[in-house]
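Have a look at the structure below, then the notes.
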Amino acid sequence: MQDQIAKCADLTHESTPHQSGDFCPACGATTTASGQYTFDSGRGETPWTRCSSCATYFMTGEYDHVAETDHTRHMAWGNEAEGTRLNRLKQNGFKATLGQIESLGYGCSKILDVGCSFGGILVEAEKRGFECAGLDIVPEAVAYVSSLGFRAEQCCSLNDCTLFSEQNPVDVISVLDAHIYWPDQPAELRAARQLLRDDGLLVIRAVTKSAFITTGRLVGSVSPGMSKKLIRRAIADHRFSMPLKSLLKTVEEAGFEILSASPRGAQHTDSAPLSARAAFAMGTLLWHSFGLSIAPTTLVFARKKAG
Ligand SMILES: [Zn+2]
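Numbering (this note's numbering), first residue to last: 28 to 334.
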């Protein structure tokens, strides 16, 4: 396993040559970043800036695959006891996502879950007749998912995935709450496109909380405590926070057609606090009525374009 990690680290180093602070991991622009911030997040106090091309807030500094794997091991989704508990908690969200995948005509197809953790959506998808496989950065998660009988691989990048290829493509790729950890999102989207069959489906459960960071910054001078709390909750332990419209543009530029993007179905559980459910309901209404994105998460469905 150590060899695998070392191999993975080497490949990551090769495939992500952009290590400077002004490379935006969300859109891939190398334009001058605007503003320097220190945000307190699930990773402690870290330096952040904002991309002048796509308005994404992102953590600056180098991406180290080994450190990222260690970090993930300490998160709830990085260990078996908490990871399997999260699976149960998120069950309704998985079912809603799979229901939408089926309604788009991809039922009982081959699905690859990126950042599969301890197998949440794979377990639900198998019950509905999908042929499932998963990738994760944490070796223990991959071992667990493999023990359940799924094809799984320890990967830090879709570029390293050997479970599928252009000659042996997959029908659906799901990326649930994982895109915000990618050191180079455009490269990962292009790699996803290569692994998908013609007209294959990409599903991203996107975290779209950058407006909360902006709000947190704006209230900083009057209420530092609230500011810190808002920003910390918006970032959690993510590496970037991207506005929805910028994400959709980036997905399109990677060779996909957006089929839908909606907060509907992106909620994990029906037992969320009333305030969270109200935020989702309001977010859904604003997005569908005015194209305004304030929902904390959004389900994006995109189809691979030919060519
Ligand atoms: Zn950007």
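The beta-carbon is built from N, C-alpha and C at its ideal position, and this holds for glycine as well.
Remember, predicted model here, so these are calculated numbers, not experimental data.
**OP:** My understanding is that Gln63 touches Phe328, with C-beta atoms under 8 Å, so please give their C-beta distance in whole angstroms.
**Re:** In fact, because the Cβ distance is near 36 Å, the residues do not count as touching under 8 Å.
Original post:
According to DSSP, which residues form a beta bridge with Leu229?
Top reply: Ile200 and Ala329
Original post:
Among residues of its own chain, excluding the 5 on either side of Leu149, which ones have a beta-carbon nearer than 7 Å to its beta-carbon?
Top reply: Asp140, Cys143, Cys159, Gly161, Val172 and Phe177
Original post:
Can Ser80 be considered in contact with ligand 2, in the sense that its beta carbon sits closer than 7 Å to one or more heavy atoms?
Top reply: You won't find ligand 2 in this model; what it holds is ligand 1.
**OP:** Quick one: residues in its chain with C-beta nearer than 7 Å to the C-beta of Gly110, no 5 flanking neighbours on either side, listed in chain order?
**Re:** Ala103, Trp104, Ser144, Phe145 and Ala168
Original post:
Between Thr87 and the rest of its own chain, which residues show a CB-CB distance below 7 Å, the 5 nearest in sequence each way excluded?
Top reply: Gly48, Pro74, Trp75 and Thr76
Subject >> Val199 vs Ser289 beta-carbon contact at 8 Å >> reply: no
Original post:
Among Val93, Leu326, Arg330 and Phe50, which one has its Cα closest to the Cα of Ala205?
Top reply: Taking each of Val93, Leu326, Arg330 and Phe50 in turn and checking the Cα distance to Ala205, the smallest one comes out for Leu326.
**OP:** Would you list the one or two residues that DSSP bridges to Val141?
**Re:** In the DSSP secondary-structure assignment, Val141 is bridged to Leu162 and Val202.
**OP:** With DSSP as the reference, label Ala170 as helix, strand or coil.
**Re:** helix
**OP:** Verify the contact flag: Glu56, CB atom, against every heavy atom of ligand 1, threshold strictly below 7 Å.
**Re:** For the sequence presented, residue 56 should be read as Ala rather than Glu. Placement of the Cβ of Ala56 at a distance of less than 7 Å from at least one heavy atom of ligand 1 is found.
Original post:
Closest to Ile184 by CA distance: which of Arg259, Glu215 and Ala233 is it?
Top reply: Per the sequence shown, the amino acid found at residue 184 is Ser instead of Ile. Taking only the C-alpha atoms, the option nearest Ser184 is Glu215.
Subject >> Touching by the beta-carbon criterion (3+ pairs, under 8 Å), the segment 256-270 and the segment 50-70 >> reply: yes
**OP:** Select from Leu228, Ala218 and Phe267 the residue whose C-alpha is nearest the C-alpha of Val234.
**Re:** Considering only alpha carbons, the answer is Phe267.
Original post:
Quick one: is Thr58 buried, meaning 16 or more other Cβ sit within 10 Å of its Cβ, or exposed?
Top reply: exposed
Original post:
Can you tell me the Cα-Cα spacing of Gly132 and Leu125, whole angstroms?
Top reply: 11 Å
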